Amino acid sequence: MGVRNDETIFCTGYSRLPDGMAAKNLYGVMGVGFEIDPESDKIVNASCTFVTNMCNDFIKSILVGHDLKNGVDLPIQKFERRYFGLGKKAIVSAIRDAYNQFEIYKSMTYAEAASE
1 MGVRNDETIF CTGYSRLPDG MAAKNLYGVM GVGFEIDPES DKIVNASCTF
51 VTNMCNDFIK SILVGHDLKN GVDLPIQKFE RRYFGLGKKA IVSAIRDAYN
101 QFEIYKSMTY AEAASE
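By our numbering, the letter at position 96 of the sequence shown is numbered 96, and the numbering carries on one by one without gaps.
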């Protein structure tokens, strides 16, 4: 049985973009979002502030299905091996930031469970 949308959580991460990227003119920063099933810790959907849908779909193809119990090193390695464009470091930083937000969420839920 798949996860219902009203049960997922959304974690975002941001970083500064280099000059010369169209996304910088539109958004100012790179944003990456993970929609996560909190039961399995798997990314069920992802988005980013790339200008084109193709770029957004590319990031999604790398992130969706990844189990965050394993951190984000593997999808970052896949991304770095396959992406050749401006803003690579900014995108990696935004992915790491979104993962850090997920870690904060997990630590809060563990603390709540321990206090009950």
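Ideal placement from N, C-alpha and C gives every residue a C-beta, glycine not left out. Given the structure is predicted, the values throughout are model-derived calculations rather than measurements.
{"Asked": "Could you give the distance in angstroms between the alpha-carbon of Met30 and the alpha-carbon of Lys106?", "Found": "24 Å"}
{"Asked": "Return the first residue and the last residue of the beta strand (DSSP E) that Ser40 is part of.", "Found": "Looking at the DSSP string, Ser40 is not in any beta strand (DSSP E), and its letter there is neither H nor E."}
{"Asked": "Would you give the residue range spanned by the beta strand (DSSP E) that Phe10 belongs to?", "Found": "Ile9 to Arg16"}
{"Asked": "Can you tell me whether Leu74 is buried or exposed? The criterion is at least 16 other CB atoms within 10 Å of its CB, across all chains shown.", "Found": "exposed"}
{"Asked": "From Phe84 to Ser61, what distance separates their C-alpha atoms?", "Found": "16 Å"}
{"Asked": "Does DSSP put Val32 in a helix, in a strand, or in coil?", "Found": "strand"}
{"Asked": "Between the segment 39-48 and the segment 14-21, can you find at least three pairs of beta-carbon atoms closer than 8 Å?", "Found": "no"}
{"Asked": "Just tell me which of Tyr14, Gly65, Gly87 and Cys11 has its CA closest to the CA of Val44.", "Found": "Gly65"}
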